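Sequence lines, in order, name chains A and B.
The first sequence begins at 5 in this note's numbering and counts up one residue at a time.
The second sequence begins at 59 in this note's numbering and counts up one residue at a time.
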Amino acid sequence: MMNDPNTSPTKPRVAVHKFSSCDGCQLALLNLGEDLLTLAERVDLVHFAEAGPLDPDTEVDVAFVEGSVSTPEDLERIQHVRQHSRLLIAIGACATSGGIQSLRNGPHSEGWIAQIYAHPEAISSLQHSTPIARHVKVDFELWGCPVNSQQMLAVINSLLLGVAPRDNADKVCTECKRRNLTCVMVSHGVPCMGPVTRAGCGALCPSLGRDCYGCYGPAENANTDALAAQFGRLGLMPQAIVQRFQSINSQAPVFLAAADKTRAHHDD
Amino acid sequence: MMTEQKRTVSIHVPVLTRVEGEGALDLRIDNGEIAELRLRIFEPPRFFEKFLEGRHYTEIPDMVARICGICPVAYQVTAAQALEKLFGVELDPWARAMRRVFYCGEWIQSHSLHIHLLAAPDFFGCNNAIELARIAPDEVRRGLRIQALGNELMDLFGARSVHPVGVRVGGFHGAPAPAQINAIRDKLRAALPEAEALVRWTASIAVPQDDQPFLSVAMQHPTDYAIETGAIGVSDGLRIEADAFDAHFAERHEPHSTALFSTYHQQPYLVGPLARLNLNHARLPEAVKTLLAEIGLALPSRNLFHSLVARAVEILLALHEALRLLDAYRLPDSPWVLVTPRAGVATGCTEAPRGLLWHRYEMDDDGRVVNARIVPPTSQNQGRIEEDLRLSLLNFGLDQPDDALRLHCEQVIRNYDPCISCATHFLRMNVERT
Chain A
5 MMNDPNTSPT KPRVAVHKFS SCDGCQLALL NLGEDLLTLA ERVDLVHFAE AGPLDPDTEV
65 DVAFVEGSVS TPEDLERIQH VRQHSRLLIA IGACATSGGI QSLRNGPHSE GWIAQIYAHP
125 EAISSLQHST PIARHVKVDF ELWGCPVNSQ QMLAVINSLL LGVAPRDNAD KVCTECKRRN
185 LTCVMVSHGV PCMGPVTRAG CGALCPSLGR DCYGCYGPAE NANTDALAAQ FGRLGLMPQA
245 IVQRFQSINS QAPVFLAAAD KTRAHHDD
Chain B
59 MMTEQKRTVS IHVPVLTRVE GEGALDLRID NGEIAELRLR IFEPPRFFEK FLEGRHYTEI
119 PDMVARICGI CPVAYQVTAA QALEKLFGVE LDPWARAMRR VFYCGEWIQS HSLHIHLLAA
179 PDFFGCNNAI ELARIAPDEV RRGLRIQALG NELMDLFGAR SVHPVGVRVG GFHGAPAPAQ
239 INAIRDKLRA ALPEAEALVR WTASIAVPQD DQPFLSVAMQ HPTDYAIETG AIGVSDGLRI
299 EADAFDAHFA ERHEPHSTAL FSTYHQQPYL VGPLARLNLN HARLPEAVKT LLAEIGLALP
359 SRNLFHSLVA RAVEILLALH EALRLLDAYR LPDSPWVLVT PRAGVATGCT EAPRGLLWHR
419 YEMDDDGRVV NARIVPPTSQ NQGRIEEDLR LSLLNFGLDQ PDDALRLHCE QVIRNYDPCI
479 SCATHFLRMN VERT
């Protein structure tokens, strides 16, 4: 049997915080099945509201933060989380890029609240949805919409072993090659985001014969110019090319720049 | 332009408001009577319906999934089916059946998560499932195994269970191989006795007797227990198609909440597992009916605390359905059919784990969204939750200590499995007594 989990002096204290999000990244832990009970023996889950423990004020070794900053209250809460955490790890597209809800960022969304709520004065919301690193120091980012259980356990195991988590910023294409999948773009002319998208999912979409849609955000050294040109050759209109880059991770700088460039090129 | 007939619906495009996270209850008791009771849900608006505008129909299933990490299949399937209806797409029978199997996976996952991680600890004096696992390890482990099996069923069609990538308008992107289906069938069959034991366990948990009158709203189907297809039924006898929803149901915004309140003919109503069981118990498979008779659950039930056992019953139903539909599995010629978009209004609904989910998309000739409206189950239940709290607190006794009142209110709210139930002590309750 394990030692009494409450008395082990070496067990790291872990918090999971939610900001503006769909809760899907926390499910990487809640969907562990029976492994969730093993995890609860190896780390001290101090604060994890969706699983039950509620204590946002205690000092922790590691805070996982899901969600984007999108309300005035969030601005204060993220500072509080930072002050009480030795390591802060942002998980998922909302926390690393602002998420799908950052599609509201920009002048086009001014007045949305007044247009749609009968009592707009009662709605407290910032104009922009922004990633955690915009506001506080982030020690590690785990990209993905959603992050998966293997990624989360790899990070937690690294921390338990006292080593830095590994950052895989390679492209989805490399995972396709390792799985020996047929390239959907080369073979079927499907406009796939794999060449510019960060690995980590295991090339799930191409495994079903469909296009990657960029939910893990930009890879390192992403050649978005070449991909945008290729999308054009495959018959995508400029608006469609912009929307390829403006989806789950629209405010990730590389995807934002690619969309702006396509728009500018089209307007010329 | 649009083909929809003119209707006097005075609703703007509402924002879909998620409700996990912040919930608060204001309760004021004057001279032993409830003077004020307000459930405040505050989740930052995420503006889904606004940023869907201008997007191509092929993007919608992937985008609406992001509304909820716990029930993405409900959003994907509802959107796909609404659009397929508008576009006049006839799905391959394989795809129709597999949509239901896929959806069963989500019911199994979501219900088991709710029962074991969110709801059950309360009834054993535990703060969370990890504590509950110390006194009921076999039951919690069984629950986590069933939850994992639901996820596995979703993985099979969607490659992952959170924001799956398999659904497309016209069917699925890919079809699982027969060997994979054989493997999951063995697991589903092995889970049947576990789910039966789960039903018996939830039925054995002592719950308050809290009899209340309310309207149940759920989809109904002539032969099946409605999940992904059917008409909208109400316990007062009304039966309508999805496109008549606006004629009977309305949403309004209350300043104390970011979730919109829905009403049916100006009254609150219930959606979700107990509403479904109340309306559709006659459509359950015989084996499930026999078990219901054995545990002595009389339906329709007017006690929302039966929601716990209702979820367990629906897990068993979903296992039976998945097994039935996978029985004669064959690979389709193609998992999807070609789609040609056209302008018009697409409406559709399905039974998400938490209840009726209704979508409406106005589309242009190019297959792009002109505007979108999504009515999720939790905002439909919000009015009913406030009504329930009021009645239930009177039954419980207003002279109880604040902590007991708070715990009771949390349990009442959790019966509805609103997304705010994620936190054990989510309720910041302010009690004022004069």
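The beta carbon of each residue, even a glycine, is placed where N, CA and C say it ideally should be.
Quick caveat: nothing in here was measured; it's all calculated off a predicted structure.
Runs of 3 residues minimum, wholly inside the segment 90 to 160 of chain B: which ones carry the beta strand (DSSP E) assignment? 91 to 100
Where residue 273/A sits in the DSSP three-state scheme: Since the first and last residues shown for chain A are 5 and 272, residue 273/A lies out of range.
Would you be able to state if there are at least three C-beta pairs under 8 Å between the segment 347 to 357 of chain B and the segment 185 to 199 of chain B? no
Is residue 147/A helix, strand or coil by DSSP? As a first step, residue 147/A is located in the first sequence; it is residue number 143 there, counting from the start. Residue 147/A: coil per DSSP, three-state reduction.
Restricting to runs no shorter than 3 residues, where is the beta strand (DSSP E) found entirely within the segment 41 to 85 of chain A? 48 to 52, 64 to 70
Does the beta carbon of residue 413/B sit closer than 7 Å to a beta carbon anywhere in chain A? As a working note, residue 413/B is residue 355 in the second sequence. Not closer than 7 Å to any Cβ of chain A, the Cβ of residue 413/B fails to qualify, so no.
Between residue 217/B and chain A, is any beta-carbon pair separated by less than 7 Å? Counted from its first residue, the second sequence places residue 217/B at position 159. So, interface residue.
Going by beta-carbon coordinates alone, are residue 223/B and residue 134/B separated by less than 7 Å? As a first step, residue 223/B is located in the second sequence; it is residue number 165 there, counting from the start. As a first step, residue 134/B is located in the second sequence; it is residue number 76 there, counting from the start. In this structure, residue 134/B does not lie closer than 7 Å to residue 223/B by Cβ.
Contact under 7 Å by Cβ, residue 165/B with residue 372/B: Sequence index remark: in the second sequence, residue 165/B carries index 107 (1-based). Sequence index remark: in the second sequence, residue 372/B carries index 314 (1-based). The answer is yes: Cβ separation under 7 Å.
Within 10 angstroms of its Cβ, does residue 399/B collect 16 or more other Cβ (buried), or is it exposed? To locate residue 399/B, count along the second sequence from 1; it is residue 341. By the 10 Å Cβ count, residue 399/B comes out buried.
Can you find a C-beta in chain A that's less than 7 Å from the C-beta of residue 129/B? Position 71 of the second sequence, counting from 1, holds the residue named residue 129/B. False, the Cβ-Cβ gap to chain A never drops below 7 Å.
Nonlocal neighbours in the same chain, by C-beta distance under 6 Å from residue 210/A, ignoring five residues either side: Taking the first sequence and counting its residues from 1, the one referred to as residue 210/A is at position 206. 180, 185, 188.
Rounded to a whole number of angstroms, what is the C-alpha to C-alpha distance between residue 243/A and residue 227/B? The residue you call residue 243/A lines up with position 239 of the first sequence. The residue you call residue 227/B lines up with position 169 of the second sequence. Roughly 21 Å separates the two Cα atoms.
Which residues in chain A sit within 7 Å of residue 220/B, going by Cβ to Cβ distance? Here the question's residue 220/B lines up with position 162 in the second sequence. The contacting residues are 28, 31, 150.
Any C-beta of chain A within less than 7 Å: which residues of the segment 168 to 194 of chain B qualify? 171, 175, 179, 185, 186, 187, 188, 191
Under 7 Å between beta-carbons, which chain B residues line up against residue 44/A? List them in chain order, please. Residue numbering aside, residue 44/A sits at position 40 when the first sequence is read from its first letter. Ordered by position in chain B, the residues that pass the 7 Å Cβ test against residue 44/A are 188.
Is it right to say residue 362/B is buried, meaning 16 or more other beta carbons lie within 10 angstroms of its own, or is it exposed? For the purposes of this step, residue 362/B is identified with residue 304 of the second sequence, where counting begins at 1. So residue 362/B counts as buried.
How far does the alpha helix (DSSP H) with residue 407/B in it reach, from first residue to last? On the second sequence, position 349 is the one that residue 407/B refers to. Not the alpha helix (DSSP H): residue 407/B falls in the beta strand (DSSP E), residues 402 to 410.
Quick one: what does DSSP say residue 230/B is sitting in, helix, strand or coil? Numbered from 1 along the second sequence, position 172 holds the residue referred to as residue 230/B. Strand at residue 230/B.
Limits of the alpha helix (DSSP H) - the one that residue 433/B falls within: As a first step, residue 433/B is located in the second sequence; it is residue number 375 there, counting from the start. Per DSSP, residue 433/B belongs to no alpha helix (DSSP H); it is in the beta strand (DSSP E), 427 to 433.
Should residue 467/B be flagged as near chain E, meaning a C-beta pair shorter than 7 Å? No chain E is present in this structure, whose protein chains are A and B.
How should residue 253/A be labelled, buried or exposed, when 16 other C-beta atoms within 10 angstroms of its C-beta is the threshold for buried? On the first sequence, residue 253/A is found 249 positions in, with the first residue counted as 1. Residue 253/A is buried by the Cβ-count criterion.
Compute the distance between the beta-carbons of residue 223/A and residue 175/A, then report whether it is under 7 Å. Along the first sequence, one-based indexing puts residue 223/A at 219. Along the first sequence, one-based indexing puts residue 175/A at 171. Yes, Cβ-Cβ distance for residue 223/A and residue 175/A is below 7 Å.
Could one say the Cβ of residue 319/B lies closer than 7 Å to chain A's Cβ atoms, at least one of them? Looking up residue 319/B in the second sequence gives position 261. With 7 Å as the cut-off, residue 319/B does not count as an interface residue toward chain A.
Going along the chain, which residues of its own chain have a beta-carbon closer than 6 Å to the beta-carbon of residue 175/B, five neighbours each way excluded? Here residue 175/B corresponds to residue number 117 of the second sequence, with the count starting at 1. Once the five neighbours on either side are set aside, the close Cβ partners of residue 175/B are 187.
Report the three-state DSSP secondary structure of residue 93/A (helix, strand or coil). Translated into the one-based positions of the first sequence, residue 93/A becomes position 89. Three-state DSSP puts residue 93/A in a strand.
Do we get a CB-CB distance below 7 Å when we pair residue 232/B with the residues of chain A? Taking the first residue of the second sequence as 1, we reach residue 232/B at position 174. Interface residue, yes.
Over what stretch of residues does the beta strand (DSSP E) that includes residue 321/B continue unbroken? Residue mapping note: residue 321/B aligns to position 263 of the second sequence, counting from 1. 319 to 322 is the extent of the beta strand (DSSP E) around residue 321/B.
Segment contact flag, the segment 202 to 217 of chain B with the segment 146 to 166 of chain B, C-beta cutoff 8 Å, min 3 pairs: yes
Please classify residue 146/A as buried or exposed, where buried requires at least 16 other C-beta atoms within 10 Å of its C-beta. Numbered from its first residue, the first sequence carries residue 146/A at position 142. Flag for residue 146/A reads buried.
From the DSSP output, read off the bridge partner residues of residue 141/A. By 1-based counting over the first sequence, the position of residue 141/A is 137. For residue 141/A, which the question treats as bridged, DSSP gives no partner whatsoever.
Length at least 4, wholly inside the segment 160 to 226 of chain A: the alpha helix (DSSP H) runs in chain order: 176 to 182, 188 to 192, 208 to 211
Reduced DSSP secondary structure (H/G/I, E/B, other) of residue 131/A: Here residue 131/A refers to the residue found at position 127 of the first sequence. Coil, per DSSP.
Taking C-beta pairs closer than 7 Å, name the residues in chain B that residue 116/A reaches, listed in chain order. Walking along the first sequence from the start, residue 116/A turns up at place 112. Residues of chain B passing the Cβ test: 105, 108.
Residue 293/B - DSSP class collapsed to helix/strand/coil: Residue mapping note: residue 293/B aligns to position 235 of the second sequence, counting from 1. Of the three classes helix, strand and coil, the one that applies to residue 293/B here is coil, per DSSP.
Cβ of residue 442/B within 7 Å of any chain A Cβ: Here the question's residue 442/B lines up with position 384 in the second sequence. Closer than 7 Å: no.
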